[in-house]
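Okay, so the sequence shown: first residue is 10 according to the numbering used here, each after it adds one. We put the beta carbon where it would ideally sit given N, CA and C, even for glycine. Remarks on the structure that follows.
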Amino acid sequence: MIIVGSTNADVGIQRGMDILRNGGSAIDAVEATIRLVEDNPEDHTVGFNSYPNVLGELQLDASIMDGSTLETGAVAAVRGYREAISIARKVKEALPHVLLAGEGAERFAAEMGFEHQPHMVTEKISELREERLKEDMPQEVFAGLASRADLHQWVRLATDPDKTGGTVNVLAKDGRGDLCTGVSTSGWAWKYPGRVGDSPIIGAGNYADNRYGAAGCTGMGEMAIRSATAHSVVFYLKTGASVEEAGIRAMQDLNDLGGPYRAAMNIVALDSKGTPAGFTSTKGRTYIYQTSDMTRHIEQERTFVNVSQRWN
Ligand code: GLY
Numbered sequence: 010m011i012i013v014g015s016t017n018a019d020v021g022i023q024r025g026m027d028i029l030r031n032g033g034s035a036i037d038a039v040e041a042t043i044r045l046v047e048d049n050p051e052d053h054t055v056g057f058n059s060y061p062n063v064l065g066e067l068q069l070d071a072s073i074m075d076g077s078t079l080e081t082g083a084v085a086a087v088r089g090y091r092e093a094i095s096i097a098r099k100v101k102e103a104l105p106h107v108l109l110a111g112e113g114a115e116r117f118a119a120e121m122g123f124e125h126q127p128h129m130v131t132e133k134i135s136e137l138r139e140e141r142l143k144e145d146m147p148q149e150v151f152a153g154l155a156s157r158a159d160l161h162q163w164v165r166l167a168t169d170p171d172k173t174g175g176t177v178n179v180l181a182k183d184g185r186g187d188l189c190t191g192v193s194t195s196g197w198a199w200k201y202p203g204r205v206g207d208s209p210i211i212g213a214g215n216y217a218d219n220r221y222g223a224a225g226c227t228g229m230g231e232m233a234i235r236s237a238t239a240h241s242v243v244f245y246l247k248t249g250a251s252v253e254e255a256g257i258r259a260m261q262d263l264n265d266l267g268g269p270y271r272a273a274m275n276i277v278a279l280d281s282k283g284t285p286a287g288f289t290s291t292k293g294r295t296y297i298y299q300t301s302d303m304t305r306h307i308e309q310e311r312t313f314v315n316v317s318q319r320w321n
């Protein structure tokens, strides 16, 4: 049994391991681990108190995939609910669909009994947004952003490649050998309203298949969507590559993406035997994992793979 995560999953990984040790499923462990990250007010990239979109609204994305059946559930651009991963799981369990977005996802969350929370962003984060946006726009533009017909121009200016990522990935293998991957995020800080990243897109930010392995991504979601990065890792595993080779090849594929926007990418992966691995285009980044014989998780440096960045 093992749980693997992006380093910001450290607040929940012990809870996930306890679930596995008590005979719980990989999906229960992944959901419980991510819920603690979503509730962590110090993590500004996932769940409650994260960076909002350009208009100051928090819109969350999440997905969960069961590697034993390839069943998935996902939500995108959900406002007013902090437990995006649990709503995603309910989509998998209660509907014949795999992805709900916006108002429909919010309606479904209410139907499923999740508590509506209108105030998801603290004053401090609102002030940070104001400070950041005013670096690029005059006060009168900032004050009238919600009604501007040229919002897309201002989003381009206020874009910050260092804040295009930030997300939590959690992968688990349980005592029955089943794999699960979960991903949750508030997405790209100051994004255009309605922007959806890779986290709720199966194959892009999340993929799990018991037969081969699992992968989750953090970083600039647009890149993972265009390259189907999480699925690529699992596909390379399927062709016989080791988990180290599979992750490196999926990262290297990102260098084929043309166009003006390329930023950072990170992957955590697990093969079907439960071997963990982590990859990054930013030197020095880490991931964490804990096996059932460890009393605590360990933090491990990710394999660096060069993905050349460009912006504009
Ligand atoms: N990887 C998270 C996002 O781009 O939204």
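- Closest by C-alpha distance to residue 212, out of 25, 187, 46, 75, is 75.
- When beta bridges are read from the DSSP output, residue 34 appears opposite no residue.
- In the pairwise beta carbon analysis, the stretch 248–259 is classified as touching the stretch 271–279: at least three pairs are separated by under 8 angstroms.
- By the criterion of at least three beta-carbon pairs nearer than 8 angstroms, the stretch 214–225 is not in contact with the stretch 55–65.
- Assignment of residue 180 by DSSP, reduced to helix, strand and coil, places it in the strand class.
- The C-beta distance from residue 41 to residue 182 rounds to 15 angstroms, too long to fall under 8 angstroms, and the pair is not in contact.
- Taking C-beta atoms as the reference points, residue 218 and residue 242 fail to come closer than 8 angstroms.
- Per DSSP, the beta bridge partners of residue 275 are 227, 289.
- Look at residue 206: its beta carbon is less than 7 angstroms from one of the heavy atoms in ligand 1.
- For residue 96, the three-state secondary structure derived from DSSP is helix.
- Taken through DSSP and simplified to helix, strand or coil, residue 57 comes out as coil.
- Residue 192 is a Cβ neighbour of residue 72, given a cutoff of 8 angstroms.
- A straight line joining the alpha-carbon of residue 32 with that of residue 223 spans about 21 angstroms.
- Judged by the Cβ position, residue 226 qualifies as a neighbour of ligand 1 at the 7 angstroms threshold, a heavy atom of the ligand being closer than this.
- Residues 109 of the same chain have their beta carbon placed closer than 6 angstroms to that of residue 117, with the five preceding and five following residues left out of the count.
- Check the Cα spacing between residue 235 and each of 161, 210, 188, 88: the tightest is with 210.
- Shortest Cα-Cα distance from residue 92 to any of 46, 101, 120, 112 involves 46.
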